[in-house]
Amino acid sequence: MGALLEVADLHASVDHHEILKGIDMRVNAGEVHSIMGPNGSGKSTLAQVLARRDAYDVTSGSVQLNGKDLLAMKPEEAAWEGLFMAFQYPVEIPGISNSYFLRTALNALRKARGLDEMTAMEFLPMFREKLSLLEMDDKLMNRSVNEGFSGGEKKRNEILQMAVLEPTLAILDETDSGLDIDALRIVAKGVNAMRSAERAMVVVTHYQRLLTYIVPDYVHVLVDGRIVRSGGPELALELEETGYGSMEAGTTAA
Amino acid sequence: MSTVPSVRNNYFQCFAEFERMAAAEAPWLRELRREAFAQFCEKGLPTTHDEDWRFTSVSAIENLAFHLMLDARVSPHQIEPWRVRGAGCQLVFLNGNFVPELSLRNKLADGIEVTGLAQQFSNGARTVQRHFGRYVDLDRDSFSALNTAFAQDGAYVHIPRGVVVEEPIYLLFVSVSDALPVMSHPRTLILADENSQATIVEEYVSLGQGTALCNAVTELVAADNAVLSHYRIEREQANTFNISTLSMHQGRSANVASHSVLLGGALVRNNVHPVLAGEGGECLINGLFLGTGRQHLDNYMLVEHASPHCSSRQFYNGILDDHAHGVFHGRIIVHKDAQKTDAKQTNRNLLISDDAQIDTKPQLEIHADDVKCTHGATIGQLDEEALFYLRSRGIGEASARSLLLRAFAGECLARMKQGPVRRHVEALVNQYVLRFAHTVQTPGAQIHLAGDLGALAS
Numbered sequence: 082m083g084a085l086l087e088v089a090d091l092h093a094s095v096d097h098h099e100i101l102k103g104i105d106m107r108v109n110a111g112e113v114h115s116i117m118g119p120n121g122s123g124k125s126t127l128a129q130v131l132a133r134r135d136a137y138d139v140t141s142g143s144v145q146l147n148g149k150d151l152l153a154m155k156p157e158e159a160a161w162e163g164l165f166m167a168f169q170y171p172v173e174i175p176g177i178s179n180s181y182f183l184r185t186a187l188n189a190l191r192k193a194r195g196l197d198e199m200t201a202m203e204f205l206p207m208f209r210e211k212l213s214l215l216e217m218d219d220k221l222m223n224r225s226v227n228e229g230f231s232g233g234e235k236k237r238n239e240i241l242q243m244a245v246l247e248p249t250l251a252i253l254d255e256t257d258s259g260l261d262i263d264a265l266r267i268v269a270k271g272v273n274a275m276r277s278a279e280r281a282m283v284v285v286t287h288y289q290r291l292l293t294y295i296v297p298d299y300v301h302v303l304v305d306g307r308i309v310r311s312g313g314p315e316l317a318l319e320l321e322e323t324g325y326g327s328m329e330a331g332t333t334a335a
Numbered sequence: 014m015s016t017v018p019s020v021r022n023n024y025f026q027c028f029a030e031f032e033r034m035a036a037a038e039a040p041w042l043r044e045l046r047r048e049a050f051a052q053f054c055e056k057g058l059p060t061t062h063d064e065d066w067r068f069t070s071v072s073a074i075e076n077l078a079f080h081l082m083l084d085a086r087v088s089p090h091q092i093e094p095w096r097v098r099g100a101g102c103q104l105v106f107l108n109g110n111f112v113p114e115l116s117l118r119n120k121l122a123d124g125i126e127v128t129g130l131a132q133q134f135s136n137g138a139r140t141v142q143r144h145f146g147r148y149v150d151l152d153r154d155s156f157s158a159l160n161t162a163f164a165q166d167g168a169y170v171h172i173p174r175g176v177v178v179e180e181p182i183y184l185l186f187v188s189v190s191d192a193l194p195v196m197s198h199p200r201t202l203i204l205a206d207e208n209s210q211a212t213i214v215e216e217y218v219s220l221g222q223g224t225a226l227c228n229a230v231t232e233l234v235a236a237d238n239a240v241l242s243h244y245r246i247e248r249e250q251a252n253t254f255n256i257s258t259l260s261m262h263q264g265r266s267a268n269v270a271s272h273s274v275l276l277g278g279a280l281v282r283n284n285v286h287p288v289l290a291g292e293g294g295e296c297l298i299n300g301l302f303l304g305t306g307r308q309h310l311d312n313y314m315l316v317e318h319a320s321p322h323c324s325s326r327q328f329y330n331g332i333l334d335d336h337a338h339g340v341f342h343g344r345i346i347v348h349k350d351a352q353k354t355d356a357k358q359t360n361r362n363l364l365i366s367d368d369a370q371i372d373t374k375p376q377l378e379i380h381a382d383d384v385k386c387t388h389g390a391t392i393g394q395l396d397e398e399a400l401f402y403l404r405s406r407g408i409g410e411a412s413a414r415s416l417l418l419r420a421f422a423g424e425c426l427a428r429m430k431q432g433p434v435r436r437h438v439e440a441l442v443n444q445y446v447l448r449f450a451h452t453v454q455t456p457g458a459q460i461h462l463a464g465d466l467g468a469l470a471s
């Protein structure tokens, strides 16, 4: 069976400035991968390219999602194919309520997959269950998407969306940044509840702390647009001890 | 006047005929009309040299010889598409003339008068004489002068003291055109006595293939402590000019909301002129304008604070596509004695094509020294970040665009009271948003507003 996500020699740039300089990565269903790296290493760019943001030019390489060419997909098509990205900076959208947004998104996915749209009556019980998993207040759901949410509420809202939309490949872009330890635990609980044999996750983070709650199967270290080391969860601990500096040194040596 | 001679002659001819026809009417009314016509002739139609008309040229109106068509007739089934649910009554006016046989009157409490204005003129009602023409500035405003010169029918609404009218009062104004350009001058007088409450909807639509000018004037008087909601829904067809003036006079602690929704028409001018004449008055001036094609939608606000402790809130949102041109001119005058005035003005605009244009202009004239006045305007495009966010969740691009446009329009809808009028406006806005490029119907017929209690359950 082929990999869920297969990234091969991916190069991407912004304004002719190359940020990703040849990424190779293979993610199978059921696996959790973590991508760690210092600021400016290209972690977020990788996440955004995978989510099909058009701000980046892919100059070479290929990405297959379920054996299909991800780079040919529009953002919504990637979502229909099962991809989800939790945003590092979730967007505020005044005038659209959270619950309406989520039901519209879910029904758009269902429609694209040939399923019947969910009525409000069917949606509501499932939605409430996910809300309680993330310890979120009902009241937030009648407010505009992310508007006036605290940083922690926004991040939890991302995971709530993931829980409702049930993607096969979830990319979490620095979901831990700026979270206090309580919020981090709640987010991790939400993510862990979603782990399954059919689903894969790519957790992009700067810090090791999140990985003590969401234990990955693989850790990749991204420095200056390249994956310089890959290993098991112990690699994250090693990084915590030695920092990214040694990795960069390692690159030059290699 | 500056019009070309043949067109100028045409107005003289129309007025002479009109006067002959109305020879039997009360002397005071005929006198007022003559005075108004003289003002109109002296001043002519405004030009872009006129500060109040800087962004709007009416030369298209100026070059046409309009005629009156006071005997327009249409069949009930032609009115059917504009029937509304949940109204206390729906009065229908063809070219400004009240047509009882097309009108519906359901449940209106005793004492409430909703009639044609001509009927009040012929009854010789003293109340009408006392108020009619008192709240418009014939000297400053040529279109109001023209309306007054030809004013002969329209709506008359009188809410007696202490009466609360639950169901909205709907007034449907139909511009009916034929082969020649047709002008109509609907005139409405709304009197809300002390401590009364009501909702009045004026809706402007058109029938016929020809060019039409609908030049409407409404005078609204909210006595002490009255609470009124006024809606102007303009959805004329593409070959119609609509010039509307709403002059409001507010008494002590009166609370008036003016909601304008401009959707159709070729050239539209929406004048809203509240005068906060009594202490503690409150005024909400809320508006939404959606322009496509070559539509020109001009909103001219003149908010006059004439008494202390009054507050006014102006919120106008515009969405413009293609070559549409929008104008928001928000003038606030605070008189010397109007201390503790609290006036706020916000105009937000979305331009969704490179050729769309908006002119937004605040104009504050403050003669008191203890006031709070703020204004702000924004002009922007559809938020690309928000668009990507929605799309990344699986919502197709066209749906995502209409969702964002509806949300932007929804800011104005959220200021309208929940009920049949708002539902009516929401449905119209949903329908008109689809005229914008790259949008499609998103699931759910309604606009779902944040904070809307129905949103989670619906």
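Protein chains in written order, with this note's numbering: chain A, 82 to 335; chain B, 14 to 471.
For glycine and all other residues, C-beta sits at the position ideal for the given N, C-alpha and C.
- When rounded, the separation of the alpha-carbon atoms in Lys120/B and Gly101/B is 5 Å.
- Inclusion of Leu159/B and Asn228/B in the CB contact set at 8 Å is warranted, their separation being smaller than that value.
- For Leu259/B, the uninterrupted beta strand (DSSP E) segment begins and ends at Thr253 to Gln263.
- The beta carbon of Pro194/B is closer than 6 Å to those of Leu77, Phe79 and Thr224 in its chain, skipping five residues each way along the sequence.
- Taking a Cβ-Cβ threshold of 8 Å, the residues of chain A close to Glu424/B are Pro175 and Gly176, in chain order.
- By the neighbour-count criterion, in which 16 or more other beta carbons inside 10 Å mark a residue as buried, Phe186/B falls on the buried side.
- Assigned with DSSP and collapsed to three states, Gln103/B falls in strand.
- Residue contact with chain B for Ala186/A: present (Cβ-Cβ distance below 8 Å to some residue of chain B).
- In the DSSP assignment, the residues bridged to Pro375/B are Gly343/B.
- For the beta strand (DSSP E) assignment, the uninterrupted runs of no fewer than 3 residues enclosed by the region 34–110 of chain B are, from N- to C-terminal side, 102–107.
- Distance from the CA atom of Gly324/A to the CA atom of Ile308/A, rounded to whole angstroms, is 15 Å.
- Residues of the same chain with a CB within less than 6 Å of the CB of Asn179/A, apart from the 5 flanking positions on each side, are Met222 and Val226 in chain order.
- For a cut-off of 8 Å, the C-beta gap from Leu104/B to Ala168/B is around 6 Å, short enough to register as a contact.
- With fewer than 16 other Cβ atoms from the protein chains shown falling within 10 Å of its own Cβ, Thr391/B counts as exposed.
- In the displayed model, Gly326/A falls within a helix according to three-state DSSP.
- In the structure shown, Ile116/A adopts extended strand secondary structure according to DSSP, grouped into three states.
- Bounds of the beta strand (DSSP E) holding His309/B are His309 to His318.
- Within chain A, Glu157, Thr185, Ala186 and Ala189 have C-beta atoms less than 7 Å from the C-beta of Ile408/B, given in sequence order.
- When rounded, the separation of the alpha-carbon atoms in Val112/B and Phe204/A is 49 Å.
- Cβ contact annotation for Leu204/B (same chain, cutoff 6 Å, sequence separation greater than five): His171 and Val234, in chain order.
- Comparing alpha-carbon positions, the option among Gly294/B, Val269/B, Arg248/B and Cys296/B lying closest to Thr305/B turns out to be Arg248/B.
- Of the residues assessed, Asp311/B falls on the buried side of the cut-off, its CB having 16 or more other CB atoms within 10 angstroms.
- Close to Glu439/B, with beta-carbon spacing below 7 Å, lies no residue of chain A; the smallest spacing is near 13 Å.
- Met328/A has a beta carbon lying at 8 Å or more from every beta carbon in chain B.
- With its beta carbon at least 8 Å from every one in chain B, Phe230/A lies outside the interface.
- Taking C-beta separations shorter than 6 Å and ignoring five residues to either side along the sequence, the partners of Ala132/A in its chain run Met166, following chain order.
- At a cut-off of 8 Å between beta carbons, Ala420/B contacts chain A.
- DSSP, reduced to helix, strand and coil, places Met106/A within a strand of the structure shown.
- Residue-level contact by beta carbon fails for Leu117/B and chain A, as no gap is shorter than 8 Å.
- Per DSSP, Glu215/B is not a residue of any alpha helix (DSSP H); the beta strand (DSSP E) it occupies stretches across Gln210 to Leu220.
- Closest in alpha carbon position to Glu99/A, among Ala136/A, Ala251/A and Gly118/A, is Ala136/A.
- For Gln52/B, the number of other beta carbons within 10 angstroms of its own is at least 16, and it is reported as buried.
- Between Ser219/B and Gln263/B, the C-beta gap is not smaller than 8 Å, which leaves the two residues out of contact.
- Approximately 5 Å separates the beta-carbon atoms of Leu377/B and Cys386/B; this is inside 8 Å, confirming the contact.
- A Cβ-Cβ distance of about 18 Å is found for the pair Met282/A and Val302/A, leaving them out of contact under the 8 Å criterion.
- With a threshold of 16 other beta carbon atoms within 10 Å, Pro375/B meets it and is buried.
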